[in-house]
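K.L.:
Position in the sequence shown (from 1) plus 675 gives the number in our numbering.
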Amino acid sequence: MAAYEDERLKELAERLRTWLLSDEGFGSYLDVFFRENSNYFDDYQEEHALHYTALHKDFAAKLEEEVQGWLTDEGLRNEDLEIILQAARDQETETDEAREEVDMVDLMLEALDYQKWIEHIFRLK
676 MAAYEDERLK ELAERLRTWL LSDEGFGSYL DVFFRENSNY FDDYQEEHAL
726 HYTALHKDFA AKLEEEVQGW LTDEGLRNED LEIILQAARD QETETDEARE
776 EVDMVDLMLE ALDYQKWIEH IFRLK
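(1) Suppose contacts are defined by Cβ-Cβ distances below 8 Å. Is HIS731 in contact with TRP792 by that definition?
(2) Near PHE701, which residues of its chain fall below 6 Å by C-beta distance, leaving aside the five closest residues on each side in sequence?
(3) Taking its Cβ as the centre, do 16 or more other Cβ atoms sit within 10 Å of LEU725, making it buried, or is it exposed?
(4) In angstroms with no decimal places, state the Cα-to-Cα distance between ILE759 and GLN743.
(5) Does the separation of the CB atoms of TYR704 and TYR715 fall below 8 Å?
(6) Can you say whether ARG798 is buried or exposed, counting buried as having 16 or more other CB atoms within 10 angstroms of its CB?
(7) Given that a residue counts as buried once 16 or more other Cβ atoms are within 10 Å of its Cβ, and exposed if not, what is ARG710?
(8) Determine whether the beta carbon atoms of LEU787 and ALA735 lie at a separation below 8 Å.
(9) What number of angstroms, rounded off, separates the C-alpha of TYR719 from the C-alpha of GLU680?
(10) Following the continuous alpha helix (DSSP H) through TYR727, name the residue where it begins and the one where it ends.
(11) Could you give the DSSP three-state label for ASN712: helix, strand or coil?
This is how it looks when you write it as structure tokens:
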């Protein structure tokens, strides 16, 4: 039974990663977000600190809304999300692409914490 659960979690983690990065999922929002705000993310500038805070608030709200939709579409609950995210985080990261995917998972896990979010945004840009 445990092996089945591990495989199920890996499958859900992969589907979540795919959804996060794909144009059919949250990836389309990320693309628009970075294009619309690219001038703020070239280099951290203290004079934009208030704008970064507003961007964070909007980003976190959109992420939460979209994740709730994904969970509903998948027939999952909020409680399942933490387990899935941890399973995705625990998968091996041998390639640059895999490390970028882990960065995306980290961003999701830490999206509500402004300081961690801003660090991830500048790494992902």
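Ideal placement from N, C-alpha and C gives every residue a C-beta, glycine not left out.
P.N.:
Reading off the structure:
(1) Sequence index remark: in the sequence shown, residue 731 carries index 56 (1-based). Sequence index remark: in the sequence shown, residue 792 carries index 117 (1-based). Yes, the Cβ-Cβ distance between HIS731 and TRP792 is below 8 Å.
(2) Taking the first residue of the sequence shown as 1, we reach residue 701 at position 26. For PHE701, where only same-chain residues beyond five positions count, the Cβ hits under 6 Å are LEU695 and GLU741.
(3) Position 50 of the sequence shown, counted from the start, is the residue given in the question as residue 725. Result: exposed.
(4) Position 84 of the sequence shown, counted from the start, is the residue given in the question as residue 759. Position 68 of the sequence shown, counted from the start, is the residue given in the question as residue 743. Those two C-alpha atoms are separated by around 14 Å.
(5) Taking the sequence shown and counting its residues from 1, one reaches residue 704 at position 29. Taking the sequence shown and counting its residues from 1, one reaches residue 715 at position 40. For TYR704 and TYR715, no; Cβs fall outside 8 Å.
(6) What you label residue 798 is simply residue 123 of the sequence shown in a count that begins at 1. By the 16-neighbour rule on beta-carbons within 10 angstroms, ARG798 is exposed.
(7) To locate residue 710, count along the sequence shown from 1; it is residue 35. Under this definition ARG710 is an exposed residue.
(8) Stepping through the sequence shown from its first residue, residue 787 is reached at position 112. Stepping through the sequence shown from its first residue, residue 735 is reached at position 60. Yes, Cβ-Cβ distance for LEU787 and ALA735 is below 8 Å.
(9) Numbered from 1 along the sequence shown, position 44 holds the residue referred to as residue 719. Numbered from 1 along the sequence shown, position 5 holds the residue referred to as residue 680. Between TYR719 and GLU680, the C-alpha separation is close to 42 Å.
(10) Residue mapping note: residue 727 aligns to position 52 of the sequence shown, counting from 1. 724 to 749 is the span of the alpha helix (DSSP H), which, as asked, contains TYR727.
(11) Here residue 712 is taken as the residue at index 37 of the sequence shown, counted from 1. The answer is coil: DSSP assigns ASN712 none of H, G, I, E or B.
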